[in-house]
Each structure stands twice: as C-alpha cells, then as structure tokens.
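Below is one structure, written out as structure tokens; comments come after it.
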Amino acid sequence: MKKVIDKIALISERYNALKFVRPEPRCRDCPLQHEGLCQKVIKIKQSRDYLRYNYPARGSQSWKQLYAKRSAVERMNTYLKENYQLNRTRFHQSHHVVVEHLMIQLAYNAKKFTNQRLNYRKSKEIAV
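Okay, so the sequence shown: first residue is 1 according to full-length UniProt numbering, each after it adds one.
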C-alpha cells in the first residue's frame with residue numbers, strides 16, 4: 001500500500017520506508033544527470049532515524065497542516081494548565097483524573113460557547 005505525499009515522497013508501508021522521487025525541474029540543468037550518479041528514486045528506511053525521516057515529510061503541505069493542528073492543541077493545553085489548574089489533580093486514581101479533566105474541558109467549552117453567543121447577539125443588535 002502506497003500513499004502519495006505532495007507528489008515527491010511516497011511511503012511504502014510494507015517496508016516502512018520513504019521513497020523520494022527526483023524532482024525533474026531541478027535536475028534538468030544538472031551536469032551529473034547523464035553520468036549515472038543521480039538516482040531517480042531514493043529509498044530510506046524510517047527505522048534508521050525517526051526524527052530525521054518522519055511521516056509525513058517535514059516541510060510538505062500535509063506536515064504543515066498537522067503541525068498547525070498540533071500547535072493549536074498545545075496552546076489550548078497550556079491555557080487549561082495555567083487558568084484551570086489542569087496540571088494539579090486532586091485525585092490519584094486514573095478514572096477520577098480523567099473525569100476531572102473532562103469536567104474542566106466542559107467548563108471551558110461552555111464558557112467559550114457563552115461568549116460566542118453573547119458576542120453574536122451584540123453584533124446583531126449593533127447592526128440593527
């Protein structure tokens with residue numbers, strides 16, 4: 001099974017390897033193109049270095065989208081830790097901690113929803 005990543009890199013799930021196809025526009029003017037030194041497809045095992053050869057490829061469009069989602073989640077977690085004391089739990093059993101975290105997230109979502117509704121009503125009153 002192969003997945004296309006931004007037209008340049010392919011991942012082979014069978015071998016757990018990244019495949020990079022040589023970009024044609026860059027290699028047209030290369031003096032080593034016909035010498036046999038350049039490969040058309042470069043295969044790299046991810047197990048060699050997970051930080052360097054990650055999936056999706058760093059700098060690709062899908063990587064940028066995942067990074068944006070992750071940074072948004074990290075901002076939210078930081079906000080909850082600072083303002084709702086999410087890092088200080090009052091319980092030692094895991095299911096109690098999970099319930100406490102869910103209650104904190106529910107309180108945060110209710111607060112945000114209420115603020116959005118109030119702002120919407122105010123903007124509607126000003127427009128009328």
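Quick reminder that beta carbons are idealized off the backbone N, C-alpha and C, glycines included.
Just so it is clear, the structure is predicted and the values come from calculations on it, not from any experiment.
Its chain contains Lys19, Phe20, Val21 and Arg22 as the residues whose beta carbon lies nearer than 8 Å to that of valine 41, once the 5 sequence neighbours on both sides are disregarded; these appear in chain order. Taking 8 Å as the cut-off, the Cβ atoms of glutamate 100 and arginine 88 do not count as close. For lysine 43, same chain residues with a beta-carbon under 7 Å away, outside a window of 5 residues either side, are Ala17 and Lys19 in chain order.
Proline 31 counts as exposed, since fewer than 16 other beta carbons sit within 10 angstroms of its beta carbon. Straight through space, the alpha carbons of arginine 117 and methionine 76 are spaced by roughly 20 Å.
Distances from the CA of leucine 102 to each of Ser123, Glu74, Leu80 and Ser60 were compared; the closest alpha carbon is that of Leu80.
Per the DSSP secondary-structure output, phenylalanine 113 pairs with nothing in a beta bridge. The criterion of a C-beta distance shorter than 8 Å is satisfied by serine 62 and proline 56. One thing to note: isoleucine 104 has its Cβ within 8 Å of the Cβ of tyrosine 84.
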